[in-house]
Amino acid sequence: MDPGHNYYERGNLDIFSGRGPCLEGPVCAVNLTSDGSGPHHGWYVNYVEVTTTGVHKSCSQQQFTVEQWLATDTSPYELWAVRNYCDYSLGQARSQINIAHAATSRAGPMSGFSIMARQ
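Here's what the structure looks like:
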């Protein structure tokens, strides 16, 4: 994370990365969740793009259109959004990775989020 960068601000494209176990196939579902903390916890999410790669594996990229507020004071009044592009239900998913992130701005802590991606 870049020190001094204001994450989750209007007009920003915020990029986060994390590591997880190797997956056998591309990511087909995400659960994006805000912890709702901070003085201005509302966060409008346009999209989430997940890129996976590994040793001797081809790169896989999937974009999940969200177009939703993660907030308790704005419709749909939820701190989470699920996008499932899998050919099966999430209960049948074989693997999952979790990426957790908490951002801090110059004004202090801001909302954190977690992404659970399923294969």
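Those letters in the sequence shown? Residues 66 to 184, by our numbering. A virtual CB, placed ideally from N, CA and C, is assigned to each residue, including glycine.
1) CA-CA distance, residue 131 and residue 121?
2) So for residue 71, helix, strand or coil by DSSP?
3) Using only the alpha-carbon positions, how far apart do residue 105 and residue 134 sit?
4) What does a CB cutoff of less than 6 Å around residue 136 pick up in its chain, not counting 5 residues either side in sequence?
5) Are the beta-carbon atoms belonging to residue 146 and residue 97 less than 8 Å from one another?
6) I'd like the list of long-range same chain contacts for residue 118, defined as Cβ closer than 8 Å, with 5 residues on each side in sequence excluded.
7) Buried or exposed: residue 109, going by 16 or more other Cβ atoms within 10 Å of its Cβ?
8) Would you mind working out which of 99, 129, 84 and 73 sits nearest residue 142, comparing C-alpha positions?
9) Return helix, strand or coil for residue 151, following the three-state DSSP convention.
10) Can you name, in chain order, every residue of its own chain whose Cβ lies under 6 Å from the Cβ of residue 86, other than the five neighbours on each side?
11) Per DSSP, what kind of secondary structure is residue 89 in: helix, strand or coil?
On the basis of the coordinates in this document:
1) As a working note, residue 131 is residue 66 in the sequence shown. As a working note, residue 121 is residue 56 in the sequence shown. Roughly 31 Å separates the two Cα atoms.
2) Residue mapping note: residue 71 aligns to position 6 of the sequence shown, counting from 1. If DSSP states are grouped into helix, strand and coil, residue 71 belongs with coil.
3) Residue mapping note: residue 105 aligns to position 40 of the sequence shown, counting from 1. Residue mapping note: residue 134 aligns to position 69 of the sequence shown, counting from 1. Taking the straight line joining both Cα atoms gives about 12 Å.
4) Taking the sequence shown and counting its residues from 1, the one referred to as residue 136 is at position 71. Closer than 6 Å at Cβ, skipping near neighbours: 107.
5) For the purposes of this step, residue 146 is taken as residue 81 along the sequence shown, with counting starting at 1. For the purposes of this step, residue 97 is taken as residue 32 along the sequence shown, with counting starting at 1. Yes; because the gap between Cβ atoms is below 8 Å, this pair is in contact.
6) Taking the first residue of the sequence shown as position 1, residue 118 is located at position 53. Excluding positions up to five away in sequence, the list reads 124 and 125.
7) Position 44 of the sequence shown holds residue 109. Flag for residue 109 reads exposed.
8) The count along the sequence shown starts at 1 and reaches residue 142 at position 77. Looking at the Cα atoms, 99 is the closest of the given residues.
9) The count along the sequence shown starts at 1 and reaches residue 151 at position 86. Coil at residue 151, not helix or strand.
10) Here residue 86 refers to the residue found at position 21 of the sequence shown. Excluding residues within five positions, none has a Cβ falling inside 6 Å.
11) Along the sequence shown, read from residue 1 onward, the residue named residue 89 stands at position 24. Of the three classes helix, strand and coil, the one that applies to residue 89 here is coil, per DSSP.
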